[in-house]
Amino acid sequence: MGADFYYTIEVILNGLMAGVLYALVALGFVLIFKASGIFNYAQGVMALFAALTLVGIMEGQVPFSHLINAVFGTQIHDFGWHIPALLAIILTMVVMVGFAWLVQKYIFRHLVGQEPIILFMATIGLAYFLEGVGDLMWGSDIKTLDVGLPQGASLWIEENTAFLGGDDFYGFFIDQLDVVAAIVAAILVAVLVIFSQYTKQGRAMRAVADDHQAALSVGISLNFIWVLVWSLAGFVALVAGIMWGAKSGVQFSLSLIALKALPVLMLGGFTSIPGAIVGGLIIGVGEKLFEYSVGPMIGGATENWFAYVLALLFLVFRPQGLFGEKIIERV
Amino acid sequence: MLDDTESYVTADGRTIGGVVLDLKSITLRFGGVEAIKNISFDIREGEIRAIIGPNGAGKSSMLNVISGFYVPQEGEVWFRGERRPQMKPYQVAQQGIARTFQNIALFEGMSVLDNVMTGRLNKMKTGLWSQALWKGKAEREENENREAVEKIIDFLEIQSIRKTPVGRLPYGLKKRVELARALAAEPTILLLDEPMAGMNVEEKEDMCRFILDVNDEFGTTIALIEHDMGVVMDLSDRVVVMDYGRKIGDGTPDEVRNNQDVIDAYLGVSHD
Numbered sequence: 003m004g005a006d007f008y009y010t011i012e013v014i015l016n017g018l019m020a021g022v023l024y025a026l027v028a029l030g031f032v033l034i035f036k037a038s039g040i041f042n043y044a045q046g047v048m049a050l051f052a053a054l055t056l057v058g059i060m061e062g063q064v065p066f067s068h069l070i071n072a073v074f075g076t077q078i079h080d081f082g083w084h085i086p087a088l089l090a091i092i093l094t095m096v097v098m099v100g101f102a103w104l105v106q107k108y109i110f111r112h113l114v115g116q117e118p119i120i121l122f123m124a125t126i127g128l129a130y131f132l133e134g135v136g137d138l139m140w141g142s143d144i145k146t147l148d149v150g151l152p153q154g155a156s157l158w159i160e161e162n163t164a165f166l167g168g169d170d171f172y173g174f175f176i177d178q179l180d181v182v183a184a185i186v187a188a189i190l191v192a193v194l195v196i197f198s199q200y201t202k203q204g205r206a207m208r209a210v211a212d213d214h215q216a217a218l219s220v221g222i223s224l225n226f227i228w229v230l231v232w233s234l235a236g237f238v239a240l241v242a243g244i245m246w247g248a249k250s251g252v253q254f255s256l257s258l259i260a261l262k263a264l265p266v267l268m269l270g271g272f273t274s275i276p277g278a279i280v281g282g283l284i285i286g287v288g289e290k291l292f293e294y295s296v297g298p299m300i301g302g303a304t305e306n307w308f309a310y311v312l313a314l315l316f317l318v319f320r321p322q323g324l325f326g327e328k329i330i331e332r333v
Numbered sequence: 024m025l026d027d028t029e030s031y032v033t034a035d036g037r038t039i040g041g042v043v044l045d046l047k048s049i050t051l052r053f054g055g056v057e058a059i060k061n062i063s064f065d066i067r068e069g070e071i072r073a074i075i076g077p078n079g080a081g082k083s084s085m086l087n088v089i090s091g092f093y094v095p096q097e098g099e100v101w102f103r104g105e106r107r108p109q110m111k112p113y114q115v116a117q118q119g120i121a122r123t124f125q126n127i128a129l130f131e132g133m134s135v136l137d138n139v140m141t142g143r144l145n146k147m148k149t150g151l152w153s154q155a156l157w158k159g160k161a162e163r164e165e166n167e168n169r170e171a172v173e174k175i176i177d178f179l180e181i182q183s184i185r186k187t188p189v190g191r192l193p194y195g196l197k198k199r200v201e202l203a204r205a206l207a208a209e210p211t212i213l214l215l216d217e218p219m220a221g222m223n224v225e226e227k228e229d230m231c232r233f234i235l236d237v238n239d240e241f242g243t244t245i246a247l248i249e250h251d252m253g254v255v256m257d258l259s260d261r262v263v264v265m266d267y268g269r270k271i272g273d274g275t276p277d278e279v280r281n282n283q284d285v286i287d288a289y290l291g292v293s294h295d
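Protein chains in written order, with our numbering: chain A, 3 to 333; chain B, 24 to 295.
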């Protein structure tokens, strides 16, 4: 086997790892879309906000310190303590649940029964609002997020795969963080599937996703379920935020990764949790492989648009995505 | 005239108890339209109570008031001897009033079994955390609920379609699944909105049998809306007749049948 073959495999492996991160963001979209029919444009910003809050809490930053200092002329910036990562993650989750509750109480409860496009517009507003709040609360500088996840190339993998290729192949180059991300994503999906299939709240969630009126008639509080769903989406956003933040720093361009989740959803289908994962992996592998094989011939930088073109093809030939529900209609 | 708490025995040997649901002077308006005009009637424990009337008489609205989907502008709802505060539909369901819908509201993407299981959601007490941490207890509860559900599925003779997604079922079976889901909650009162609409004769006979059996075996109080007069007269203990949002008759099938207002409403009479 030539080194070329192994390079291709390495590209695919790296693509899979990148795909996991796309899938993490897409998961949050699917959760909310399934249960409430809302396409949550703010999912990416929620990931950003969660990451910002996590860093802020860990480093003991005073929220709104710029604002406070500007108004009162004080000079406070942080509380001067450091909070261990695990505790900070739990506290951030509390913040995200609070956020979910506020979103439901002040926005979507008043929009029940509105057209999907209006709900969508509301989430666009929410995205910009949340971005602003994040900026105001924690500042707009790029932060490093270190929750103790292993980083850098995995030497172990590199050394133990070096023998595979020829003389110019040094072994597979894989980021340890990507491996962790893949494991975390797998666990997350397993937990979500178990939750929605086997718990009382999960069953209620599926019921609400299917038919509001029927859900009410069996005694399910829609409000509670929606807060639950937004909290879950907040949790997924937190996980995505940690992974992306650890990889490339917590910065406001993080919210743009949400856009990459769009083609992922078109591929996987908007209503399928496995679809979000498979879609993410296909996009990840597809764009890396395309860049590696076709990229050099057409001047490179194909990763920017490849995912969207692929999604476009899917829209033409299989609009419900790979795993989306085909609507059964009796005539 | 019977007292509210008195009970009596019917000709076929069933015991009808005291008043379980009492509607007092209910008025419901949509903008300027009065859908229900000052209607009062009661439902006794263990009886089958029919609400009949021509199209647009306000029957479904009445059922929606009982199940909390509509909030009346005036009047009181008394449930089990207590005045019911204004409630959301899900709270009414939690209180023990289950219902079916005129145009079927099922979870189309779920299997029949899952659909019926959702009817038991309120019977499950184990919270999220104990489900995660104490697997045994949650499992035992799930099994108990599963047993109860299987019993109902057997009872309504839908074993063969247990695993079928509801979206694929024909209309008549969907109606039966909806009834199964409502029954799974073990309701105090079961509200059926046109349970036999759109069915053929055979399906109607089946549904009639099921309604009678449910009432007989579980002692469930049933309030139903139905158009087929033959069915109503056979099934029900007492009948309320509505027309243009008013109550024009209330009593046993025989009394109602001989009521001049009811005859006029059904056969038509010149309004002058």
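Where a beta carbon is used, it is the ideal one built from N, C-alpha and C, also for glycine.
Can you list, in chain order, the residues of its chain with a C-beta nearer than 6 Å to that of residue i? Leave out the 5 residues immediately preceding and following it.
i                 : result
Ser48 of chain B  : Asn61, Ser63 and Gly98
Leu93 of chain A  : Ile59
Ala129 of chain A : Tyr43, Ala44 and Val47
Gly142 of chain B : Arg204, Ala207 and Ala208
Val99 of chain A  : Ser233
Arg37 of chain B  : none
Ala278 of chain A : Ala25, Ala28, Leu29, Val32 and Gly270
Met139 of chain A : Pro65 and Phe66
For residue i and residue j, which I take to be in contact (beta-carbon distance under 8 Å), what is that distance rounded to the nearest angstrom?
i                 : j                 : result
Ile176 of chain A : Ile159 of chain A : 5 Å
Val220 of chain A : Ala208 of chain B : 7 Å
Gly312 of chain B : Lys82 of chain B  : Outside the shown range of chain B (24 to 295) lies residue 312 of chain B, about which nothing can therefore be said.
Leu337 of chain A : Val287 of chain A : Absent from the model: residue 337 of chain A. The displayed extent of chain A is 3 to 333, so no value can be given.
Ile127 of chain B : Glu201 of chain B : 6 Å
Met268 of chain A : Phe316 of chain A : 5 Å
Phe130 of chain B : Val189 of chain B : 7 Å
What first and last residue would you give for the beta strand (DSSP E) that runs through residue i?
i                 : result
Glu57 of chain B  : Val56 to Arg67
Asp236 of chain B : Where Asp236 of chain B is concerned, there is no enclosing beta strand (DSSP E), although the alpha helix (DSSP H) it sits in stretches over Val224 to Phe241.
Val43 of chain B  : Val42 to Phe53
Thr28 of chain B  : Per DSSP, Thr28 of chain B belongs to no beta strand (DSSP E) and is neither H nor E.
Val264 of chain B : Arg261 to Asp266
Ile120 of chain B : Ile120 to Arg122
With respect to the alpha helix (DSSP H) encompassing residue i, which residues constitute its N-terminal and C-terminal limits?
i                 : result
Trp158 of chain A : Leu157 to Thr163
Ile275 of chain A : Ile275 to Ser295
Glu12 of chain A  : Ala5 to Ser38
Val318 of chain A : Phe308 to Phe319
Gly274 of chain B : Note, Gly274 of chain B: premise wrong, no alpha helix (DSSP H); beta strand (DSSP E) at Arg269 to Gly274.
Phe131 of chain A : Pro118 to Trp140
Glu201 of chain B : Tyr194 to Ala207
Val285 of chain B : Gln283 to Leu290
Asp212 of chain A : Lys202 to Asp212
How big is the Cα-Cα spacing for residue i and residue j?
i                 : j                 : result
Ala303 of chain A : Gly297 of chain A : 7 Å
Ala184 of chain A : Val97 of chain A  : 25 Å
Leu214 of chain B : Ala260 of chain A : 46 Å
Val135 of chain B : Gly119 of chain B : 22 Å
Ala102 of chain A : Val135 of chain A : 15 Å
Thr50 of chain B  : Gly274 of chain B : 21 Å
Leu206 of chain B : Ile234 of chain B : 11 Å
Ala90 of chain A  : Tyr24 of chain A  : 24 Å
Leu79 of chain A  : Phe237 of chain A : Reading off the sequence shown, one finds His at residue 79 of chain A, where the question assumed Leu. Approximately 27 Å, taken between the alpha carbons.
Gln182 of chain B : Ile176 of chain B : 6 Å
Val186 of chain A : Gly75 of chain A  : 44 Å
Leu314 of chain A : Ile285 of chain A : 13 Å
Asn238 of chain B : Glu228 of chain B : 16 Å
Asn306 of chain A : Gly282 of chain A : 15 Å
Phe41 of chain A  : Tyr194 of chain B : 32 Å
Ala246 of chain B : Leu324 of chain A : 45 Å
Gly82 of chain A  : Val22 of chain A  : 36 Å
Pro152 of chain A : Gln178 of chain A : 6 Å
Less than 7 Å between C-beta atoms, sequence neighbours within five positions excluded: which residues of the same chain meet that for residue i?
i                 : result
Val285 of chain B : Val264, Ile271, Gly272 and Val279
Asp45 of chain B  : Asp65 and Trp101
Val13 of chain A  : Lys290, Leu291 and Tyr294
Ala49 of chain A  : Val27, Ala239, Ala242, Gly243, Trp246 and Leu256
Phe197 of chain A : Gly204
Arg106 of chain B : Glu99
Leaving out five residues before and five after residue i in sequence, what residues of the same chain have Cβ atoms less than 8 Å from its Cβ?
i                 : result
Thr187 of chain B : Ser134 and Val135
Cys231 of chain B : Met219, Val254, Asp257 and Leu258
Could you tell me which chain C residues have their CB closer than 7 Å to the CB of residue i, listed as they occur along the chain?
i                 : result
Val220 of chain A : Among the protein chains of the structure shown, namely A and B, there is no chain C.
Practice task
With 7 Å as the C-beta to C-beta threshold (strictly closer), list the residues of the stretch 193-213 of chain A near chain B in chain order.
Solution key: Considering only beta carbons, the part of the stretch 193-213 of chain A lying closer than 7 Å to chain B consists of Thr201, Lys202, Gln203, Arg205, Ala206, Arg208, Ala209, Asp212 and Asp213, in chain order.
Practice task
Name, going along the chain, the residues of the stretch 106-120 of chain B whose beta-carbon falls closer than 9 Å to a beta-carbon of chain A.
Solution key: If you check each beta-carbon in the stretch 106-120 of chain B against every beta-carbon of chain A, the ones closer than 9 Å belong to Lys111, Pro112, Tyr113, Gln114, Val115, Ala116, Gln117 and Gln118.
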